[in-house]
Each structure stands twice: as structure tokens, then as C-alpha cells.
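**Student:** Numbering (our numbering), first residue to last: 47 to 485.
Don't be surprised by glycine CBs; every beta carbon is placed ideally from N, CA and C.
Treat the numbers as computed from the prediction; the structure is a model and nothing was measured.
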Amino acid sequence: MTKNTFTLKSLKSKCLVGKLSVPADKSISIRALLISSICFGNTKISNLLESEDVKNTLNCLKKLGIKISKKGNQFEIFGQGGFFDHPKEDLFLGNSGTGLRLLVGLLSSRNISANFTGDESLSSRPMMRIIEPLIKMNALVKHNNGCLPIKIENNNDSSLPITYSLKIGSAQVKSAILLAGLNLRGTTIIKEKIPSRDHTEILLNYLGANISKEKNVITLKSPNFLKPKDIFIPGDFSSAAFLIVAALITKGSKIILKNVGLNFYRTGLLDVLKKMNAKINILNKDIINGELIGDIFVESSSLISTDVDSSLAPRLIDEFPILFVAASYASGKSIFRGLEELKFKESDRLKTMADALKNAGVEIHLKKNSLEVMGNKKQKGGSYVVTKNDHRIAMSMLTFGLAAEKSITIDDSSMIKTSFPKFRETMNSLNATISNVSK
Ligand code: S3P
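#1: What residue ranges within the region 185-228 form continuous beta strand (DSSP E) runs of no fewer than 3 residues, ordered along the chain?
#2: Using CA atoms only, rank isn't needed, just tell me which of 93, 179, 352 is closest to residue 118.
#3: For a quick check, are the C-beta atoms of residue 89 and residue 123 less than 7 Å apart?
#4: Would residue 449 count as contacting chain D if we go by Cβ distances under 7 Å?
#5: At a cut-off of 6 Å, would you count residue 457 as near the ligand S3P, judging by its Cβ distance to the nearest heavy atom?
#6: Quick one: give me the first and last residue of the alpha helix (DSSP H) that residue 167 is part of.
#7: Can you grab the Cα-Cα spacing for the pair residue 127 / residue 52, in whole Å?
#8: Roughly how many angstroms separate the alpha carbons of residue 442 and residue 384, rounded to a whole number?
#9: Since residue 120 sits in a beta bridge, which residues does DSSP pair it with?
#10: Roughly how many angstroms lie between the CA atoms of residue 217 and residue 244, to the nearest whole one?
#11: Pick helix, strand or coil for residue 135, following the three-state DSSP scheme.
#12: Give the DSSP-derived three-state secondary structure of residue 446 in the structure shown.
#13: Sorted by chain position, which residues of the same chain lie with C-beta nearer than 7 Å to residue 482's C-beta, five sequence neighbours on each side aside?
#14: Please tell me whether, using a cut-off of 6 Å, the distance from the CB of residue 277 to the nearest non-hydrogen atom of the ligand S3P is below it.
#15: In three-state DSSP terms, what is residue 112?
#16: Which residue marks the beginning of the alpha helix (DSSP H) containing residue 27, and which one marks its end?
#17: Starting from the Cα of residue 415, find the closest Cα among 351, 366, 129, 293 and give me that residue.
#18: Beta carbon of residue 238, beta carbon of residue 262: below 7 Å?
#19: Let me check understanding here. Comparing Cα to Cα, which of 339, 278, 199, 249 lies closest to residue 286?
#20: Between which two residues does the alpha helix (DSSP H) harbouring residue 174 extend?
#21: Does residue 134 pass the burial test, meaning 16 or more other C-beta atoms within 10 Å, or should it be called exposed?
#22: Any chance you could list the residues with Cβ under 5 Å from a heavy atom of the ligand S3P, keeping chain order?
#23: Is residue 128 helix, strand or coil by DSSP?
#24: Within the same chain, show all residues whose beta-carbon is closer than 7 Å to that of residue 457, passing over the 5 residues directly before and after it, in chain order.
#25: Cα-Cα, which of 85, 171, 210 is closest to residue 181?
#26: CB-CB under 7 Å to residue 200, same chain, minus the five flanking residues each way: which ones, in chain order?
#27: What do you get for residue 213, buried or exposed, if any count of 16 or more other CB atoms within 10 angstroms of its CB means buried?
#28: Any contact of the region 259-275 with the region 298-311, i.e. 3+ C-beta pairs under 8 Å?
#29: Taking 7 Å as the threshold (C-beta atoms), are residue 71 and residue 279 in contact?
#30: Once the 5 residues before and after residue 314 are set aside, which same chain residues still bring their CB inside 6 Å of it?
#31: Going along the chain, which unbroken runs of the alpha helix (DSSP H) with 4 or more residues stay wholly within the region 334-417?
#32: Since residue 283 is in the alpha helix (DSSP H), which residue starts that stretch and which ends it?
#33: May I ask you to report which of helix, strand or coil DSSP gives residue 260?
#34: How close, in whole Å, do the beta carbons of residue 291 and residue 445 come, if the pair is a contact with beta carbons under 8 Å?
#35: Please confirm whether residue 223 and residue 265 have their CB atoms less than 7 Å apart.
#36: Would you please state the rounded distance, in angstroms, between the beta carbons of residue 328 and residue 320? I believe it to be under 8 Å.
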């Protein structure tokens, strides 16, 4: 990722006020692109997230011969019913685990040979979790000790559907298997111990796939011939999470976030924050292409500590960093359990956040897979954050700085564009003080 010569600093801010839309959902944007590329005909996608991760997926589809055009706020994807050209160049997914894992799954049963690469962070993340089930489906996959680069080879129609029990709560692994199974004759069955986000299942169902779910068992009968339909991408709850916590911890705040995706498997943070005494209300609920959306009304609140059990982890996996920030400003000791998967994100988020919060003056106790945060209404701040190139660490710690006594500076801000390119502008439009500083 190219680094900027400036970075960002956040300062103690007055109350946040305003009403706005957050950027579109990253998980759904990537799925909408991939799945519309295999529809029979053209799909129009409105409000696609134009962030680095999504652009990398889009560029890969172009390299695979999919035509994509843009008019105003609408993208048109010229689906080819599952036929792709052999890419002449590597498929580069940048920082995006979702783009990579889902695209490998999708292409692994499509008689394609392709080479996948990514940035430094993605290149160090574990890939056996998708490679193992895909090999069971007869995919030909080569890898570098379970990491990138990955190469898939044309297996000449020898892929088979499988029945698979997921060992970890992972929507990316589940989606990779479902996308691989879509065109195979027979039934793909996935059993989930702890269910994860179901955007893939919802979108496949919306576009006419024969997919159903009963008691944590997903059944996909194939082959499927997907028909295009218009798709609207809801606001990203994971991006909204920074604004929600910012409003909660800055005195006198009142904000409304419009049209945010409220998928049950994404919104564990709301349940936890409400138990912490957060004043949050959901208004104007609606369903759009199968996804629940609504407006989120947040007022600053006097937070109390919490105890989060491991069974909740997949429902707030991306929100732990910002939840640790909320817990830092709550009264009392909070405990978070079942955090193992946090170690395999864009950085080891458990250690990166524990270090960042400690340096900012928070009392933290890091155990093997759990974390204790000793909350305090007053936090010192005044630190320089090592973000490890992780967008959610950068945004979480900048949010921390909005209520701290002294400013927080992050080592780099360029990676924020992977998910929330206008983070600083959006925060400041609500009255927050985040400024550019030279490095
Ligand atoms: C995602 C699933 C989660 C999440 C990631 C996006 C998705 O990863 O952390 O940011 O879009 O499917 P895992 O499936 O690895 O838990």
C-alpha cells in the first residue's frame, strides 16, 4: 500500500451532532460484484462501496473478462453465467481477505487457471481454512505453506459438492465453499457451530439460487442459474460502529446514521453496548434485497463495564477494536472472551489493540484468548499509535482520541481507504476534531 507523507491526529472534541449516511457495506459490495459476474445477464448495483478492497475485487473481475461500467452512482455488471477468461496477469486482492477467499472459492470449480496475490498483510494470513475444503471438492490448489501466493488450476469439470462442518465461525470459509458449489451437480451442505454473517446466503437466495437454512445447516442444491436483479448496498455497520462509539463517549452528542445494514450476524455490538447502558435506538427499519436496514440514533451515554462471552464473537468480530475503546471509557472492569480469531485479521488485532490502549494510558490485561479492560471516564491519551497497517486499529484509536485528555496520533492513515475512505471528513462533519499532520 502506498503510504502518505501525512498522517492523522485526533483531539478531544465537543459534542458530535448531525445526520448522515455511512459508506456502503464492504462485505456485501464484494459479494454483489462476484455473484453478479456469474448471473445470466446484467446486474445494476447502486451505492457500491468505492474503497480499495472493493476496487481490487472489481479489477480482478475485469482481468477475468467481465465487463463492468459505471453511470452516476450505479455500476452495471455484465454477467457471463459463470464463464471467465483465463487471466493473463496475477489476480491481486490487496488487503482484502474477503475478496481473496471468496474469489478463490468461486473460480476453483470454473475450469480456470489463475494466480492470486495480495499485500504484505494478506500474504501472511492463513489460507488453509479455504484450501482444505476446496481440495476436498477436487479443486487443484497450490499454495505457499498455507499462505499466498495461491494458484488454482483447471481441473476439467471434476469438482464435486461436499458436506462440511466448519471448524471456526467464518463467513469467508462458508462463502468460499458455497460459491464453489453453486454450479456443481448435487447438494453442498455446510454445518456451522456458531453461525456467522449470512450475506452470501441472502444474496444467492435473492438472485434465485436453491439455498435454505435449518438449525445451523445450510443446504445448496445445484446447479444454479442466477437471474440478475437490481441490488442496493446498505450502509456498513462496521463503519457505523466508529461513529456510534464516538457519539457515546463524547459529552452531549446526538447523531443519526441513515440506512445502515442491520444483519443479525453483524450487530452483536449493539447488544453489548445496550447492556453497557448505551442510548441507542433503531428507527425506520426496512428490508432491501433481503437485508435488514434502518437508521441508528445514538446519544452520548454513561457506559458501564461488560462481560462478553465467546459465543457472541462471530457477531462482532470486526467491532472488537472499537468495543475495547468503548470499554476504556466505561466504569469498571470489562472482560472479552473467545478472541482467538482476532489474531488472524489485517493485523493481530488482539495484541495491536492491547498495546495501543496501554500506550494511551488504559489499564489492560491481555490473556491468551481474552482481554480485560479497566475502564475509566478519564483517559490520558497523548500516544503515538503503531497501527500495523490495520484500518480498524487506525480508526478505533482516532476515535479514542476524541475523548482523551491529550491527542492521539497514528503512524499511518493511508490504509483507512480499504474500507472508509472519507473517515476523517465524515467524523469532522459531525464536529469531531481529526486533523492532518505531517509525518
Ligand atoms: C467477512 C468475514 C469476517 C470478517 C471480515 C469480513 C466477510 O472474516 O472479519 O472482515 O465479508 O465474510 P472471517 O470469515 O474470517 O471471520
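**Tutor:** So, from the data block:
#1: For the region 185-228, whole beta strand (DSSP E) runs of length 3 or above, ordered along the chain, are 186-190, 193-199, 209-211.
#2: Residue 118 sits at position 72 when you count from the first residue of the sequence shown. Nearest option by C-alpha distance: 93.
#3: Counted from its first residue, the sequence shown places residue 89 at position 43. Counted from its first residue, the sequence shown places residue 123 at position 77. Yes, the pair counts as a contact, with Cβ atoms nearer than the cut-off.
#4: Among the protein chains of the structure shown there is no chain D, as only one such chain exists.
#5: The sequence position of residue 457 within the sequence shown is 411, counting from 1. No, the beta carbon of residue 457 sits no closer than 6 Å to any heavy atom of the ligand S3P.
#6: Stepping through the sequence shown from its first residue, residue 167 is reached at position 121. Element bounds for residue 167: 166-169.
#7: Position 81 of the sequence shown holds residue 127. Position 6 of the sequence shown holds residue 52. Taking the straight line from one Cα to the other gives about 45 Å.
#8: Along the sequence shown, read from residue 1 onward, the residue named residue 442 stands at position 396. Along the sequence shown, read from residue 1 onward, the residue named residue 384 stands at position 338. Cα-Cα distance, rounded: 20 Å.
#9: Position 74 of the sequence shown, counted from the first residue, corresponds to residue 120. Bridge partners of residue 120: 92, 117.
#10: Numbered from 1 along the sequence shown, position 171 holds the residue referred to as residue 217. Numbered from 1 along the sequence shown, position 198 holds the residue referred to as residue 244. Cα to Cα, the separation comes out at about 7 Å.
#11: Along the sequence shown, one-based indexing puts residue 135 at 89. DSSP places residue 135 in coil when its eight states are reduced to three.
#12: On the sequence shown, residue 446 is found 400 positions in, with the first residue counted as 1. Three-state result, residue 446: helix.
#13: As a working mapping, residue 482 is identified with position 436 in the sequence shown. Closer than 7 Å at Cβ, skipping near neighbours: 52, 54.
#14: For this step, residue 277 is matched to residue 231 along the sequence shown. Incorrect: residue 277 has no Cβ contact closer than 6 Å to the ligand S3P.
#15: By one-based count along the sequence shown, residue 112 stands at place 66. Looking at residue 112 - three-state DSSP - the assignment turns out to be coil, as it is neither helix nor strand.
#16: Nothing can be reported for residue 27: it is not among the residues displayed for the chain, which extend from 47 to 485.
#17: Here the question's residue 415 lines up with position 369 in the sequence shown. Measuring from the Cα of residue 415, the nearest candidate turns out to be 366.
#18: Translated into positions along the sequence shown, residue 238 becomes position 192. Translated into positions along the sequence shown, residue 262 becomes position 216. Cβ atoms of residue 238 and residue 262: closer than 7 Å.
#19: By one-based count along the sequence shown, residue 286 stands at place 240. Closest by alpha carbon: 339.
#20: Here residue 174 refers to the residue found at position 128 when the sequence shown is read from its first residue. Note, residue 174: alpha helix (DSSP H), 174-182.
#21: Locating residue 134 in the sequence shown gives position 88, where the first residue counts as 1. Its Cβ having fewer than 16 others within 10 Å, residue 134 is exposed.
#22: 73, 144, 216, 217, 218, 363, 364
#23: Counting from 1 along the sequence shown, the entry for residue 128 is found at position 82. Secondary structure of residue 128 (DSSP, three-state): coil.
#24: Walking along the sequence shown from the start, residue 457 turns up at place 411. So the list reads 53, 430, 431, 432, 433, once near-sequence residues are dropped.
#25: Residue numbering aside, residue 181 sits at position 135 when the sequence shown is read from its first letter. If we check each option's Cα against that of residue 181, 210 comes out closest.
#26: Mapped onto the sequence shown, residue 200 falls at position 154. So the list reads 157, 158, 159, once near-sequence residues are dropped.
#27: One-based indexing of the sequence shown puts residue 213 at position 167. With fewer than 16 neighbouring CB atoms inside 10 Å of its own CB, residue 213 falls in the exposed class.
#28: no
#29: As a position in the sequence shown, residue 279 is number 233, starting the count at 1. As a position in the sequence shown, residue 71 is number 25, starting the count at 1. Yes, the pair counts as a contact, with Cβ atoms nearer than the cut-off.
#30: Taking the sequence shown and counting its residues from 1, the one referred to as residue 314 is at position 268. Here the set comprises 358, 361, 362.
#31: 366-374, 395-405
#32: The residue you call residue 283 lines up with position 237 of the sequence shown. Counting along the chain, the alpha helix (DSSP H) containing residue 283 begins and ends at 283-295.
#33: The residue you call residue 260 lines up with position 214 of the sequence shown. Residue state, collapsed to three classes: strand.
#34: In the sequence shown, residue 291 corresponds to position 245, counting from 1. In the sequence shown, residue 445 corresponds to position 399, counting from 1. That pair is a contact at about 6 Å.
#35: Along the sequence shown, read from residue 1 onward, the residue named residue 223 stands at position 177. Along the sequence shown, read from residue 1 onward, the residue named residue 265 stands at position 219. No, Cβ-Cβ distance for residue 223 and residue 265 is not below 7 Å.
#36: Within the sequence shown, numbered from 1, the residue matching residue 328 stands at position 282. Within the sequence shown, numbered from 1, the residue matching residue 320 stands at position 274. In fact, because the Cβ distance is near 10 Å, the residues do not count as touching under 8 Å.
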